[in-house]
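Following: one structure in structure tokens, then a few remarks.
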Amino acid sequence: MFSKAERYDIKGKRYLDYPAKYYCADIGLRNVRLGLRQQEETHIVENILYNELLVRGFSVDVGIVEVVDRNKSGKRQQKSFEIDFIARKGMKKLDR
């Protein structure tokens, strides 16, 4: 019913201990489970794209990129950005 996507560090090229991200195999069942209250189109489209990548034979992970930046006061701070999908099929890899 649910598929698990592991979190992958793009720069370090390793899997992280972050909580995994889960996608529902059936959007209708997802909506019923959430009581029809979370109707955000972006989440639904992301879930549909994840399912489509699986159907096309890709192994799918969620990417994380950590960046060190300076804030307005000049102090360094670390930020994490999420890449929705890292899709792999054999030697072929797609980052989107």
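All the letters of the sequence shown, read from the start, carry residue numbers -11 to 84 under the working numbering.
Ideal placement from N, C-alpha and C gives every residue a C-beta, glycine not left out.
query, result
"Same chain only: Cβ atoms within 8 angstroms of Ile(-10), ignoring 5 sequence neighbours per side", "With the sequence shown as reference, residue -10 is identified as Phe, and Ile is not the correct amino acid for it. The answer, listed in chain order, is Tyr10, Tyr11, Cys12, Ala13."
"Ile36 in three-state terms, based on DSSP", "helix"
"Through-space distance from Tyr38 to Gly51, alpha-carbon basis", "13 angstroms"
"Opening and closing residue of the beta strand (DSSP E) in which Ile15 lies", "Per DSSP, Ile15 belongs to no beta strand (DSSP E); it is in the alpha helix (DSSP H), 15 to 21."
"Alpha-carbon to alpha-carbon, Val56 and Lys(-8)", "28 angstroms"
"Where Glu70 falls: helix, strand or coil (DSSP)", "strand"
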